[in-house]
Each structure stands twice: as structure tokens, then as C-alpha cells.
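Taking it in order: structure first as C-alpha cells, then the write-up.
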Amino acid sequence: MPTLRALLPLLALALPVGACKPPPDERQHMPQADPAAGLAAIRRVGCGSCHSIPGLSWPKGELGPALDSFGDQGMIAGRLPNRPDVLAHFVRRAPELVPGTTMPAMPLSEKEARDVAAYLYTLRSR
0 MPTLRALLPL
10 LALALPVGAC
20 KPPPDERQHM
30 PQADPAAGLA
40 AIRRVGCGSC
50 HSIPGLSWPK
60 GELGPALDSF
70 GDQGMIAGRL
80 PNRPDVLAHF
90 VRRAPELVPG
100 TTMPAMPLSE
110 KEARDVAAYL
120 YTLRSR
């Protein structure tokens, strides 16, 4: 009977490259979300009053973190996994997910929150 050590090279060939985690664009895929509508919602609710956000010329808030490469971040608010479902919930109801956060709940519908998340995922340094 073959040993595990002998089977490891064959197992590696059987797995697709990158099988452990999908590429970033698949992890952050937002079906039926509209990044352009997300930017419009960001403008409407005033996210730029606290954050510097590419695509907004004014205001350029400095209270919250700059969001210029948000799509490259692994965590949301340094505590939550940067996944579409979590991000959409966070932009609407941050205090529910991170008690004590200075980010308020935002007046966004679920659809608008998904659009905002889709826009934020377009912001990359690469």
C-alpha cells in the first residue's frame, strides 16, 4: 500500500492551482450590484464627510480611513472578513457588527448597500 508521502505529489497534481482560495475578483463578486449606483449612494448619504473616497472630489473626510485601496484589504474595520455579504451589512449597520464603532448606521437600502460594496471593491492599488 502506498504511503501518504508517496501520494502527496499526485494529490498536488489533482488539485487546481489556487484551490485553497479564489482570486480576489471572485471573492468580491457582487452579482446584480451596480458600482456606479454605489458611488451615487456614497455621494447621497455623505460618506465623504468622514472618508476620502476616489471618485468624490469633495468632501475629502479624514475622520475615517481613506478608502482608496479598499478592494485590496483583507479586513473590514480591522475586525471583520472582507466579504460581500459582510461589507453590505457593515455599510448599512456598522454598529450592529462592530459595537462602539464611530461609523453610524447609514440610510441605505439593502440594494444600495450592495451597490456601495460593489463600488468599494473597484478601489484597488493594483
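Going by numbering that gives the first Met the number 0, the first residue of the sequence shown is number 0, and it counts up by one from there. Virtual Cβ for every residue (Gly too), placed ideally from N, Cα, C.
Taking 9 Å as the threshold (C-beta atoms), are residue 51 and residue 65 in contact?
Looking up residue 65 in the sequence shown gives position 66. Looking up residue 51 in the sequence shown gives position 52. A contact, by the Cβ cut-off of 9 Å.
Let me make sure I understand the geometry here. Which of 75, 92, 91 has the alpha-carbon closest to that of residue 120?
Translated into the one-based positions of the sequence shown, residue 120 becomes position 121. When each option's Cα is compared against that of residue 120, the closest is 75.
Grab me the residues of residue 33's own chain with a C-beta within less than 6 Å of its C-beta, minus the 5 sequence neighbours each way, in chain order.
In the sequence shown, residue 33 corresponds to position 34, counting from 1. If we look at residue 33 and ignore the five residues flanking it on each side, its Cβ neighbours are 114.
Roughly how many whole angstroms lie between the Cα atoms of residue 91 and residue 118?
As a working mapping, residue 91 is identified with position 92 in the sequence shown. As a working mapping, residue 118 is identified with position 119 in the sequence shown. Approximately 14 Å between the Cα atoms of the pair.
Residue range of the alpha helix (DSSP H) that residue 89 falls in?
As a working mapping, residue 89 is identified with position 90 in the sequence shown. That run of the alpha helix (DSSP H) goes 83-96.
Throw me the rounded Cβ distance for the residue 47 and residue 37 pair, which I believe falls under 8 Å.
The count along the sequence shown starts at 1 and reaches residue 47 at position 48. The count along the sequence shown starts at 1 and reaches residue 37 at position 38. That belief does not hold up - the Cβ atoms of residue 47 and residue 37 are roughly 13 Å apart, past 8 Å.
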